[in-house]
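Trainee:
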């Protein structure tokens, strides 16, 4: 018991260093960037809306002991496919948004169930499996909209189709959907209008995740995350609960990407989803989470501090080195660096527990 407590304390100390490191880098970059707090605030508010729910979608799988769910990319593709279906049906405004939302949730429910079944076959290797599944799903997605659209799928909206009438254009406009959400009211932060509805939606989603984790289902999820064997002995259906976890995560990812695209007002059909998983994982880990422990606070806090740094680093690089490219390289380094750091910390923790 004593050794386990020491290991846990070691883990907490190491994971808490990541947010502190980010705060230190933010202070340095803010000084070098020489920009106003208003500019930073408006950019971070927009990014918080776009990415908040995507980051929250990672929390429950971690608590269930399944690690970082890189499969949220598949949920993101479900949302993109739903938007394309709505556009192809020539649905605009509120009707188009509603249809796209319903389709994205239905697809995410189905995909989440399939992912849950697959994850039950590879217990202990969920993270690498989710990466492989996301890569495979990407090729299927590309095939559907590059070759299937216009051949197997009839074209009802020529505006989104290529001139050859086979395949969807690289970029499609979602302006009418963006205007629908803005009609619910917005606030001005600097020179940017930010949707009040979407800010409240992200915060509400955080409360939903927190609520789920404090229900009987949440208690079962936590028990499985601690020990699947002990959970089985307590009469908990581990496989069924893990499937529910993947369904919740995938649905949240689809909703998150749905909001992300609506906020941008356009869809890059073939590449928009590609960094969804990595960026979301980096934000969660930046907030002090790990591949074994996470919370709503980690998700929301990490989303804010990661994107503050993302806003400041290119400007700091441009001013300090007279080269904006260095700032971009730094952003990429930070994204993958926090993931690598968290993995190393967890490997050390596992080794300490084994001893």
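Residue numbers (our numbering): 11 to 365.
Ideal placement from N, C-alpha and C gives every residue a C-beta, glycine not left out.
Could you pull out every residue in the same chain whose Cβ sits closer than 8 Å to the Cβ of residue 349, ignoring the five residues on either side in sequence?
Mentor: As a working mapping, residue 349 is identified with position 339 in the chain shown. Only 78, 288, 291, 292, 295 meet the Cβ criterion.
Trainee: Excluding sequence positions up to five away, which residues of its chain have a Cβ less than 7 Å from the Cβ of residue 286?
Mentor: As a working note, residue 286 is residue 276 in the chain shown. Hits under 7 Å: 64, 82, 83, 86, 267.
Trainee: By alpha-carbon positions, which one of 242, 257, 313 ends up nearest to residue 127?
Mentor: Numbered from its first residue, the chain shown carries residue 127 at position 117. Of the candidates 242, 257, 313, the one whose C-alpha sits nearest the C-alpha of residue 127 is 257.
Trainee: Residues bridged to residue 182 by DSSP?
Mentor: As a position in the chain shown, residue 182 is number 172, starting the count at 1. Bridge partners of residue 182: 277.
Trainee: Skipping 5 residues on each side, what residues in its chain have a beta carbon closer than 8 Å to that of residue 170?
Mentor: Here residue 170 corresponds to residue number 160 of the chain shown, with the count starting at 1. Here the set comprises 94, 97, 98, 178, 179, 182.
Trainee: Can you tell me the Cβ-Cβ gap for residue 134 and residue 117, rounded? I've got them flagged as a contact below 8 Å.
Mentor: In the chain shown, the residue the question calls residue 134 occupies position 124. In the chain shown, the residue the question calls residue 117 occupies position 107. No, residue 134 and residue 117 are not in contact; Cβ-Cβ is about 28 Å, not under 8 Å.
Trainee: Are the CB atoms of residue 61 and residue 252 nearer to each other than 7 Å?
Mentor: The sequence position of residue 61 within the chain shown is 51, counting from 1. The sequence position of residue 252 within the chain shown is 242, counting from 1. In this structure, residue 252 does not lie closer than 7 Å to residue 61 by Cβ.
Trainee: Nearest by alpha-carbon distance to residue 320: which of 280, 54, 271, 142 is it?
Mentor: Start at 1 with the first residue of the chain shown, and residue 320 comes out as number 310. If we check each option's Cα against that of residue 320, 54 comes out closest.
Trainee: Residues in the same chain with beta-carbon distance under 6 Å from residue 42, minus the five sequence neighbours each way, listed in chain order, please.
Mentor: For the purposes of this step, residue 42 is identified with residue 32 of the chain shown, where counting begins at 1. Closer than 6 Å at the Cβ level, and outside the excluded window around residue 42, lie 326, 329, 330.
Trainee: Note down, one range per segment and in chain order, each beta strand (DSSP E) of at least 3 residues found wholly within the stretch 186–267.
Mentor: Counting only runs of 3 or more, we get 196–199, 202–205.
Trainee: Using a threshold of 6 Å, is the CB atom of residue 177 nearer than that to any non-hydrogen atom of the ligand SAM?
Mentor: In the structure on display, the ligand SAM does not appear, and there are no ligands present to speak of.
Trainee: Go through the stretch 75–132 residue by residue and report every complete run of the alpha helix (DSSP H) that reaches 4 residues or more, in order.
Mentor: For the stretch 75–132, whole alpha helix (DSSP H) runs of length 4 or above, ordered along the chain, are 82–98, 103–131.
Trainee: For a test of the three-state rule: what should DSSP assign to residue 315, helix, strand or coil?
Mentor: Taking the chain shown and counting its residues from 1, the one referred to as residue 315 is at position 305. Helix, per DSSP.
Trainee: Would you please state the rounded distance, in angstroms, between the beta carbons of residue 39 and residue 323? I believe it to be under 8 Å.
Mentor: Residue 39 sits at position 29 when you count from the first residue of the chain shown. Residue 323 sits at position 313 when you count from the first residue of the chain shown. Residue 39 to residue 323, Cβ: 5 Å. Contact.
Trainee: How many angstroms separate the CA atom of residue 213 from the CA atom of residue 106?
Mentor: Counted from its first residue, the chain shown places residue 213 at position 203. Counted from its first residue, the chain shown places residue 106 at position 96. One C-alpha to the other measures close to 24 Å.
Trainee: In this structure, does DSSP put residue 163 in helix, strand or coil?
Mentor: On the chain shown, residue 163 is found 153 positions in, with the first residue counted as 1. Three-state DSSP puts residue 163 in a strand.
Trainee: With DSSP collapsed to three states, give me the class of residue 171.
Mentor: Taking the chain shown and counting its residues from 1, the one referred to as residue 171 is at position 161. If DSSP states are grouped into helix, strand and coil, residue 171 belongs with the strands.
Trainee: Do you know how far the Cα of residue 211 is from the Cα of residue 121?
Mentor: For this step, residue 121 is matched to residue 111 along the chain shown. For this step, residue 211 is matched to residue 201 along the chain shown. Their Cα atoms are separated by approximately 23 Å.
Trainee: Taking C-beta to C-beta, are residue 191 and residue 205 nearer than 7 Å?
Mentor: Position 181 of the chain shown, counting from 1, holds the residue named residue 191. Position 195 of the chain shown, counting from 1, holds the residue named residue 205. The answer is yes: Cβ separation under 7 Å.
Trainee: For the alpha helix (DSSP H) that contains residue 58, what are its first and last residues?
Mentor: Your numbering for residue 58 matches position 48 in the chain shown. First-last of the alpha helix (DSSP H) with residue 58: 47–66.
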